[in-house]
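Residue numbers (the working numbering), protein chains in the order written: chain R, 26 to 186; chain W, 26 to 186; chain G, 26 to 186; chain U, 26 to 186.
Accompanying notes for the structure given below.
4 protein chains.
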Amino acid sequence: MIIAVIGGSSCSTEEAQMAEAVGRELAKRGATLICGGLGGVMEAACRGAASEGGVTVGILPGDRGKTANPYVQIPIVTGMSYARNVIIVKSAQAVIAIGGSYGTLSEIAHALQNGIPVIGLNTWALSRNGQEDNSINLAQSPAEAVEKAFALAKKMETSQT
Amino acid sequence: MIIAVIGGSSCSTEEAQMAEAVGRELAKRGATLICGGLGGVMEAACRGAASEGGVTVGILPGDRGKTANPYVQIPIVTGMSYARNVIIVKSAQAVIAIGGSYGTLSEIAHALQNGIPVIGLNTWALSRNGQEDNSINLAQSPAEAVEKAFALAKKMETSQT
Amino acid sequence: MIIAVIGGSSCSTEEAQMAEAVGRELAKRGATLICGGLGGVMEAACRGAASEGGVTVGILPGDRGKTANPYVQIPIVTGMSYARNVIIVKSAQAVIAIGGSYGTLSEIAHALQNGIPVIGLNTWALSRNGQEDNSINLAQSPAEAVEKAFALAKKMETSQT
Amino acid sequence: MIIAVIGGSSCSTEEAQMAEAVGRELAKRGATLICGGLGGVMEAACRGAASEGGVTVGILPGDRGKTANPYVQIPIVTGMSYARNVIIVKSAQAVIAIGGSYGTLSEIAHALQNGIPVIGLNTWALSRNGQEDNSINLAQSPAEAVEKAFALAKKMETSQT
Numbered sequence: 026m027i028i029a030v031i032g033g034s035s036c037s038t039e040e041a042q043m044a045e046a047v048g049r050e051l052a053k054r055g056a057t058l059i060c061g062g063l064g065g066v067m068e069a070a071c072r073g074a075a076s077e078g079g080v081t082v083g084i085l086p087g088d089r090g091k092t093a094n095p096y097v098q099i100p101i102v103t104g105m106s107y108a109r110n111v112i113i114v115k116s117a118q119a120v121i122a123i124g125g126s127y128g129t130l131s132e133i134a135h136a137l138q139n140g141i142p143v144i145g146l147n148t149w150a151l152s153r154n155g156q157e158d159n160s161i162n163l164a165q166s167p168a169e170a171v172e173k174a175f176a177l178a179k180k181m182e183t184s185q186t
Numbered sequence: 026m027i028i029a030v031i032g033g034s035s036c037s038t039e040e041a042q043m044a045e046a047v048g049r050e051l052a053k054r055g056a057t058l059i060c061g062g063l064g065g066v067m068e069a070a071c072r073g074a075a076s077e078g079g080v081t082v083g084i085l086p087g088d089r090g091k092t093a094n095p096y097v098q099i100p101i102v103t104g105m106s107y108a109r110n111v112i113i114v115k116s117a118q119a120v121i122a123i124g125g126s127y128g129t130l131s132e133i134a135h136a137l138q139n140g141i142p143v144i145g146l147n148t149w150a151l152s153r154n155g156q157e158d159n160s161i162n163l164a165q166s167p168a169e170a171v172e173k174a175f176a177l178a179k180k181m182e183t184s185q186t
Numbered sequence: 026m027i028i029a030v031i032g033g034s035s036c037s038t039e040e041a042q043m044a045e046a047v048g049r050e051l052a053k054r055g056a057t058l059i060c061g062g063l064g065g066v067m068e069a070a071c072r073g074a075a076s077e078g079g080v081t082v083g084i085l086p087g088d089r090g091k092t093a094n095p096y097v098q099i100p101i102v103t104g105m106s107y108a109r110n111v112i113i114v115k116s117a118q119a120v121i122a123i124g125g126s127y128g129t130l131s132e133i134a135h136a137l138q139n140g141i142p143v144i145g146l147n148t149w150a151l152s153r154n155g156q157e158d159n160s161i162n163l164a165q166s167p168a169e170a171v172e173k174a175f176a177l178a179k180k181m182e183t184s185q186t
Numbered sequence: 026m027i028i029a030v031i032g033g034s035s036c037s038t039e040e041a042q043m044a045e046a047v048g049r050e051l052a053k054r055g056a057t058l059i060c061g062g063l064g065g066v067m068e069a070a071c072r073g074a075a076s077e078g079g080v081t082v083g084i085l086p087g088d089r090g091k092t093a094n095p096y097v098q099i100p101i102v103t104g105m106s107y108a109r110n111v112i113i114v115k116s117a118q119a120v121i122a123i124g125g126s127y128g129t130l131s132e133i134a135h136a137l138q139n140g141i142p143v144i145g146l147n148t149w150a151l152s153r154n155g156q157e158d159n160s161i162n163l164a165q166s167p168a169e170a171v172e173k174a175f176a177l178a179k180k181m182e183t184s185q186t
């Protein structure tokens, strides 16, 4: 199981704590963590995962592996700037969004476009032409977010078989 | 001036009429129209632009130029699926969104991430962690959308000089 | 008909003269010129095409349209660095390579991988595991290169119908 | 250390044996193996690495992780077709090419363009405008290829510090 954690490269202390808890929980359950490989939410999530012996993958926008945060074990160097956002979500069976700005919004959109479940913690809400869009599954805590991510990923896997 | 028109590859009659009017108006003002090159809003916008002698560019997701709608004069073949969404908005000085689904939302997000103005006609609305985000400039008509696109594109150009 | 001209962003005077002649000839025959949009061979080819009223498209690696050479009429901004090389060749019905370094070699390879004919002027030669590979069609002059590009592009078009 | 192994998605028995031996040797030395994730040389290299407990990453061209060969532990889903070739080589500190067709040639070219060392086993040879290009480091055996890959990767790392 590969789960993506997305969010800003700078973030509040609260968001970092949530991301770290999400990372820890993912690792405890044996999931590989994929993210954009940079700071903020991405770094906190990787730190959490690494503290529990989890595998961490960073899909980097730039040209150098050294731009990855220190908790990324497998840095993937795309050199494609934010076109790499698509790769992060496509490689995951579910996506957990924590806070985030427009980059995170683009990742949420790409995930929904590809039918990949998105779980949100204090993140974007959407409405389309005046109608609320409830495609983002809201969670109230890191534990609930991870729980939902696993449940939705498994549900999707089953439906594809 | 290059202006992007984004929206669904299938769309309502009303959206198609808006897109066609936007395309005509862009061509009258001498702008090059860039879009995703497929059907729906993209095709209607290209048809409008072509009817006024405008230049139309389609950034295609697939592997063949022949997948472009018949009003695309310059088909660009990326073979990159929806990673091509980034290219559409980055190549434009302003983006006009008409309706649209998650692909359109990803383009709106990529544009905002890159500081490119977005004008919306019956499209997505955003809020972030409970706070409304007003980055999409609302328009009530195709004429107003094009007017705003030119004004915002020029303003940005001036600020960059 | 869209024809790509590929080659180094810096080049010899002889290569620039060849590229300019190729650009002129393509424009005279009504082809749209696509290239990487930067200097050297790309700029010379665009200058030649523009001098005959041809349409020029530049697929740029960076984040800004202003990095295009002054003869590019339609700058496409990918922000994808050299991953954009694939787009240049996929968008063309034939590719003319003039001199060039490893970037040009990657474009030749991507073209051949996609079954797009490549015509070479003073450019790379290939052998695979000790056997010469003659997939690059050699030309002795700009006029011959353009002649071959049109002939091979038409042949391929016919075979696909 | 991340080392890429590149080559055809179908290959001869001899090439598969070389690729498997390269994969085993990389894993024994603790390197992570990155490749295009499909069959042929890629699968043989992953099988070799996995047999020695190594980590294997596959950068897939398509839209589904399930297209990866069974020895890929971390499938990265790009959906970008052969634009993904750039990512494979950019993520590596050295590249070992075994046989291969035009896709492999594009990877060799992208690696050389990015200053990443390439080691060749029965693969492409290059000459540019009549002059041999010796940028591909030839190896006579899988062991020599891996030896050279490590030596060149370390040399480059040192020169960048």
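Glycine included, C-beta positions come from ideal geometry on N, C-alpha and C.
All values reported here derive from a predicted model rather than from experimental measurement.
Residue i: CB within 7 angstroms of a non-hydrogen atom of the ligand SAM
i                : result
Ile31 of chain W : As presented, the structure is devoid of all ligands, the ligand SAM included, so that no description of it is given.
Contact under 8 angstroms by Cβ, residue i with residue j
i                 : j                 : result
Gly83 of chain G  : Ser35 of chain G  : no
Thr148 of chain G : Ile123 of chain G : yes
Ala29 of chain W  : Val102 of chain W : no
Leu137 of chain W : Ala170 of chain W : no
Glu77 of chain W  : Ala52 of chain W  : yes
Cys71 of chain R  : Thr81 of chain R  : yes
Glu182 of chain U : Gln118 of chain U : yes
Ser166 of chain W : Val143 of chain W : no
Met106 of chain U : Met105 of chain W : Looking at the sequence provided, one finds Ser at residue 106 of chain U rather than Met. Cβ distance < 8 angstroms, so Ser106 of chain U and Met105 of chain W count as in contact.
Tyr127 of chain W : Ala134 of chain R : yes
Supposed contact pair residue j and residue i - C-beta distance, whole angstroms, cut 8 angstroms
i                : j                : result
Gly62 of chain U : Asn94 of chain U : 7 angstroms
Arg49 of chain U : Gly73 of chain U : 4 angstroms
Ala69 of chain G : Glu45 of chain G : 4 angstroms
Ile99 of chain W : Ile99 of chain G : 6 angstroms
Among the options, the one whose alpha carbon lies nearest that of residue i
i                 : options                                : result
Met43 of chain U  : U:Arg54, U:Met67, U:Ile27              : U:Met67
Ser131 of chain U : U:Asn110, U:Ile121, U:Gly145, U:Ala117 : U:Asn110
Cys60 of chain U  : U:Gly155, U:Ser37, U:Thr129            : U:Thr129
Asn162 of chain W : W:Leu151, W:Gln156, W:Ala56            : W:Leu151
Asp158 of chain U : G:Ala164, G:Gly125, G:Asp88, G:Phe175  : G:Gly125
Val120 of chain G : G:Ala168, G:Gly55, G:Ala174            : G:Ala174
Gly79 of chain U  : U:Val47, U:Arg153, U:Asp88, U:Gly55    : U:Gly55
Ser37 of chain U  : G:Lys180, G:Ala164, G:Asn154           : G:Asn154
Buried versus exposed, by CB contacts within 10 Å (16 or more), residue i
i                 : result
Ser116 of chain R : buried
Gly90 of chain W  : buried
Ala178 of chain R : buried
Ala168 of chain U : exposed
Problem - the region 129-146 of chain R: positions lying closer than 7 angstroms to chain W by Cβ - result: Leu130, Ser131, Ala134, His135, Leu137, Gln138
Practice task
Give, in chain order, every residue of the region 145-167 of chain U whose Cβ lies closer than 9 angstroms to some Cβ of chain G.
Solution key: Asn147, Thr148, Trp149, Ala150, Leu151, Ser152, Arg153, Asn154, Gly155, Asp158, Ser160
Problem - Interfacial residues, the region 86-103 of chain U to chain R, with Cβ spacing under 8 angstroms - result: Asp88, Gly90, Ile99, Pro100, Ile101, Val102, Thr103
Problem - chain R contacts made by the region 105-128 of chain G, where a contact means CB separation under 8 angstroms - result: Met105, Ser106, Tyr107, Ala108
Exercise for the section: Scan the region 50-62 of chain W for residues whose Cβ lies nearer than 9 angstroms to a Cβ of chain G and list them as they occur along the chain. Expected result: Thr57, Ile59
Problem - Selection of the region 32-48 of chain G by Cβ proximity to chain W, strictly under 7 angstroms - result: none
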